[in-house]
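Undergrad: Numbering (the working numbering), first residue to last: 50 to 507. Virtual Cβ for every residue (Gly too), placed ideally from N, Cα, C.
#1: Find out if the Cβ-Cβ distance for the pair residue 88, residue 235 is shorter than 8 Å.
#2: Using the DSSP secondary-structure output, state which residues sit across from residue 303 in a beta bridge.
#3: As a quick exercise: from 74, 487, 58 and 78, pick the residue whose alpha carbon is nearest that of residue 447.
#4: What is the rounded straight-line gap between the Cα of residue 351 and the Cα of residue 141?
#5: Quick one: Cα of residue 434 to Cα of residue 210, how far?
#6: Taking all protein chains shown into account, do 16 or more other C-beta atoms lie within 10 angstroms of the C-beta of residue 62, making it buried, or fewer, making it exposed?
#7: Considering only the alpha carbon of each residue, which of 204, 199 and 222 lies closest to residue 212?
#8: Any chance you could list the alpha helix (DSSP H) runs of at least 4 consecutive residues sitting entirely within the segment 55 to 126, in chain order?
#9: Please state the DSSP three-state secondary structure of residue 214.
#10: So if DSSP puts residue 197 in a beta bridge, which residue, or which two residues, is it bridged to?
#11: Taking the alpha-carbon positions, what's the residue 84 to residue 137 distance?
#12: Could you tell me which residues DSSP puts in a beta bridge with residue 342?
#13: Since residue 234 sits in a beta bridge, which residues does DSSP pair it with?
#14: My assumption, with CB atoms under 8 Å, is that residue 96 sits in contact with residue 225. Please give the rounded CB distance.
#15: Which residues share a DSSP beta bridge with residue 474?
#16: How is residue 445 classed by DSSP in three states: helix, strand or coil?
#17: Look at the alpha carbon of residue 82 and the alpha carbon of residue 444, and state the distance between them as a whole number of angstroms.
#18: Identify, in the order they occur along the chain, each residue of the same chain with its Cβ nearer than 8 Å to the Cβ of residue 411, setting aside the five sequence neighbours on each side.
#19: Alpha carbons only, please: which of 194, 337, 218 and 214 is nearest the one belonging to residue 201?
#20: What do you get for residue 228, buried or exposed, if any count of 16 or more other CB atoms within 10 angstroms of its CB means buried?
#21: Which whole-angstrom value is the C-beta distance of residue 414 and residue 118, which I expect to be below 8 Å?
#22: Which runs of the alpha helix (DSSP H), 4 residues or longer, sit entirely within the segment 134 to 170?
#23: Following the continuous beta strand (DSSP E) through residue 324, name the residue where it begins and the one where it ends.
#24: Under 7 Å Cβ to Cβ from residue 167, same chain only, skipping five residues before and after it: list those, please.
#25: For residue 333, is the classification buried or exposed, using 16 other Cβ atoms within 10 angstroms of its Cβ as the cut-off for buried?
#26: Are residue 429 and residue 154 touching if we call contact CB-CB under 8 Å?
#27: Nearest CA to the CA of residue 255: which residue from 480, 275, 283 and 269?
#28: So, using beta-carbon positions, are residue 128 and residue 104 closer together than 8 Å?
#29: Note down the Cα distance separating residue 339 from residue 106, rounded to an integer number of angstroms.
#30: Have a look at residue 246 and residue 474 and give me their C-alpha separation to the nearest angstrom.
#31: Straight-line CA distance for residue 423 to residue 207?
#32: Under a Cβ-count criterion, where at least 16 other Cβ atoms within 10 Å of its own Cβ denotes burial, should residue 269 be classed as buried or exposed?
#33: Let me make sure I understand the geometry here. Which of 325, 355 and 382 has the alpha-carbon closest to that of residue 361?
#34: Count the CB pairs spanning the segment 166 to 180 and the segment 394 to 409 that are closer than 8 Å, and state whether there are at least three.
#35: By the three-class DSSP mapping on this structure, what secondary structure does residue 459 have?
#36: Thinking C-alpha only, which one of 151, 99 and 90 is nearest residue 114?
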């Protein structure tokens with residue numbers, strides 16, 4: 050009788066391997082840091098926080114934590130995964146040194162945040178230039194989506210509070226650049242708020258929008274239009290008025306709450322006012338129509354604002370709201386864009402739903418929880434998370450092609466970053482040899498070749 054050994058082969062394990070590199074595919078992120086100049090920018094920005102005779106550069110230490118988060122870490126201590134691979138990541142600070150740096154930056158408040166954001170903005174400008182695009186989107190318009198995120202707290206951290214979803218934690222407001230269905234995702238702002246922060250607070254939306262606009266390259270802040278897009282939480286008089294005061298170069302597409310006045314205007318709208326809604330492929334959406342509302346509805350709102358409403362037959366089993374009309378589901382938004390069909394504008398606003406994908410990716414990249422206790426520390430953590438997300442967006446933008454360019458962080462980690470390698474030294478050169486049988490080794494080597502063709506920072 051044959052001895053049953055099970056479906057998996059047995060291997061003998063020894064812990065004495067040499068010259069083996071785990072997370073070898075992370076070399077893609079290291080090369081992205083080098084080509085975008087992020088290492089130089091953040092090192093210069095955090096130079097004031099370097100103590101005399103300090104061994105470790107504060108910028109490098111902060112960037113190491115961001116790299117660990119990009120690779121799947123969710124706390125400061127996860128920088129250890131870089132520390133054990135000095136041939137790839139260089140000298141990495143100890144856990145106490147990293148903690149002291151975070152405390153020092155947190156104690157500096159807005160000064161440290163401005164320094165980190167300035168470095169990110171500088172690297173972003175170079176990245177977009179390297180990407181050889183006249184604009185992030187085909188129509189030359191930068192789209193910035195604002196959306197709130199609920200981050201659950203599992204302990205009594207500073208400013209953690211009960212949320213509107215009956216959970217407990219924090220409520221950051223974030224902004225992402227939407228590069229379209231064929232592009233990647235970039236965070237450009239994150240404003241940390243307590244769990245009970247209002248979702249429709251105009252001051253928070255204005256501050257987040259200002260932070261987001263400051264991250265964009267200068268040529269997109271003047272001369273060309275930038276689109277600010279929000280859900281109905283942004284549909285307040287103060288925020289829309291602030292957007293309108295920014296001038297002609299700034300467009301907005303802001304969700305609106307269905308008020309009683311809007312509801313009555315929808316009921317009174319003639320059949321000729323409605324036009325079929327369209328899908329992203331240009332096809333007419335069956336069972337959905339859009340119309341522009343006018344009249345006294347616009348009293349008290351900024352000049353040039355348009356209100357566009359969509360009605361559609363709900364899917365089977367959907368529960369209608371009190372503000373829905375004649376069995377139709379209603380949604381509404383305001384915009385200052387003119388000269389384009391309202392169905393096209395409605396589709397543009399509906400694509401704001403891609404922000405939910407960006408939030409899901411952020412949760413998978415350090416935003417599942419805020420690991421530190423004090424609010425000023427967690428503000429630094431939010432900047433670290435954004436740096437990690439920047440790298441996960443810039444690397445595909447600069448180096449990957451085809452479907453791989455759209456891979457989300459979890460897939461990038463599983464297929465590319467976790468690839469194993471062997472580090473050998475020959476002719477005074479260090480060579481990282483990736484495993485030949487790994488199905489995505491070709492993606493890694495092709496991406497590295499693409500990065501090698503890019504010019505180095507001056």
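TA: According to the structure shown:
#1: As a first step, residue 88 must be located in the chain shown, where it is residue number 39. As a first step, residue 235 must be located in the chain shown, where it is residue number 186. No, Cβ-Cβ distance for residue 88 and residue 235 is not below 8 Å.
#2: Looking up residue 303 in the chain shown gives position 254. Answer is 279 and 383.
#3: In the chain shown, counting from the first residue as 1, residue 447 sits at position 398. Out of 74, 487, 58 and 78, 78 has the C-alpha closest to the C-alpha of residue 447.
#4: Taking the first residue of the chain shown as 1, we reach residue 351 at position 302. Taking the first residue of the chain shown as 1, we reach residue 141 at position 92. Between residue 351 and residue 141, the C-alpha separation is close to 53 Å.
#5: Here residue 434 refers to the residue found at position 385 when the chain shown is read from its first residue. Here residue 210 refers to the residue found at position 161 when the chain shown is read from its first residue. Distance from the CA of residue 434 to the CA of residue 210, rounded to the nearest whole angstrom, comes to 22 Å.
#6: By 1-based counting over the chain shown, the position of residue 62 is 13. Counting every other CB atom within 10 Å of its CB across the protein chains shown gives residue 62 a total below 16, marking it as exposed.
#7: Locating residue 212 in the chain shown gives position 163, counting from the first residue. When each option's Cα is compared against that of residue 212, the closest is 199.
#8: 76 to 85, 87 to 94 and 107 to 119
#9: As a working mapping, residue 214 is identified with position 165 in the chain shown. Correct three-state label for residue 214: coil.
#10: On the chain shown, position 148 is the one that residue 197 refers to. DSSP, once it has assigned bridges, lists 222 as partnering residue 197.
#11: Here the question's residue 84 lines up with position 35 in the chain shown. Here the question's residue 137 lines up with position 88 in the chain shown. Between residue 84 and residue 137, the C-alpha separation is close to 16 Å.
#12: The residue labelled residue 342 in the question sits at position 293 within the chain shown. BP columns for residue 342 point to 356.
#13: One-based indexing of the chain shown puts residue 234 at position 185. Beta-bridge pairing links residue 234 to 227.
#14: Here residue 96 refers to the residue found at position 47 of the chain shown. Here residue 225 refers to the residue found at position 176 of the chain shown. 29 Å between Cβ atoms; not a contact.
#15: In the chain shown, counting from the first residue as 1, residue 474 sits at position 425. 479, per the DSSP bridge assignment.
#16: Locating residue 445 in the chain shown gives position 396, where the first residue counts as 1. Residue 445 falls in the helix class under three-state DSSP.
#17: Working through the chain shown from its first residue, we reach residue 82 at position 33. Working through the chain shown from its first residue, we reach residue 444 at position 395. Approximately 9 Å between the Cα atoms of the pair.
#18: Position 362 of the chain shown holds residue 411. Non-local beta-carbon contacts of residue 411 in its own chain, meaning distances under 8 Å to residues more than five positions away in sequence, involve 198, 223, 236, 434 and 438 in chain order.
#19: As a working note, residue 201 is residue 152 in the chain shown. Of 194, 337, 218 and 214, the residue nearest in Cα terms is 218.
#20: Mapped onto the chain shown, residue 228 falls at position 179. Under this definition residue 228 is a buried residue.
#21: Position 365 of the chain shown, counting from 1, holds the residue named residue 414. Position 69 of the chain shown, counting from 1, holds the residue named residue 118. Yes, residue 414 and residue 118 are in contact; Cβ-Cβ is about 6 Å, under 8 Å.
#22: 135 to 138 and 144 to 157
#23: In the chain shown, the residue the question calls residue 324 occupies position 275. Start and end: 324 to 327.
#24: Indexing the chain shown from 1 puts residue 167 at position 118. Hits under 7 Å: 94.
#25: Numbered from its first residue, the chain shown carries residue 333 at position 284. By the 10 Å Cβ count, residue 333 comes out exposed.
#26: Your numbering for residue 429 matches position 380 in the chain shown. Your numbering for residue 154 matches position 105 in the chain shown. Going by C-beta atoms, residue 429 is nearer than 8 Å to residue 154.
#27: Against the chain shown, residue 255 aligns to sequence position 206. Answer by Cα proximity: 283.
#28: Here residue 128 corresponds to residue number 79 of the chain shown, with the count starting at 1. Here residue 104 corresponds to residue number 55 of the chain shown, with the count starting at 1. Taking 8 Å as the Cβ cut-off, residue 128 and residue 104 do not qualify as a contacting pair.
#29: Your numbering for residue 339 matches position 290 in the chain shown. Your numbering for residue 106 matches position 57 in the chain shown. Between residue 339 and residue 106, the C-alpha separation is close to 56 Å.
#30: Position 197 of the chain shown, counting from 1, holds the residue named residue 246. Position 425 of the chain shown, counting from 1, holds the residue named residue 474. Distance between the alpha carbons of residue 246 and residue 474 is about 55 Å.
#31: Along the chain shown, read from residue 1 onward, the residue named residue 423 stands at position 374. Along the chain shown, read from residue 1 onward, the residue named residue 207 stands at position 158. Cα to Cα, residue 423 sits roughly 5 Å from residue 207.
#32: If you number the chain shown from 1, residue 269 lands on position 220. Buried.
#33: As a first step, residue 361 must be located in the chain shown, where it is residue number 312. The shortest C-alpha separation from residue 361 is found at 325.
#34: no
#35: Numbered from 1 along the chain shown, position 410 holds the residue referred to as residue 459. In the structure shown, residue 459 sits in a helix (DSSP, three-state: H, G or I).
#36: As a position in the chain shown, residue 114 is number 65, starting the count at 1. Closest by alpha carbon: 151.
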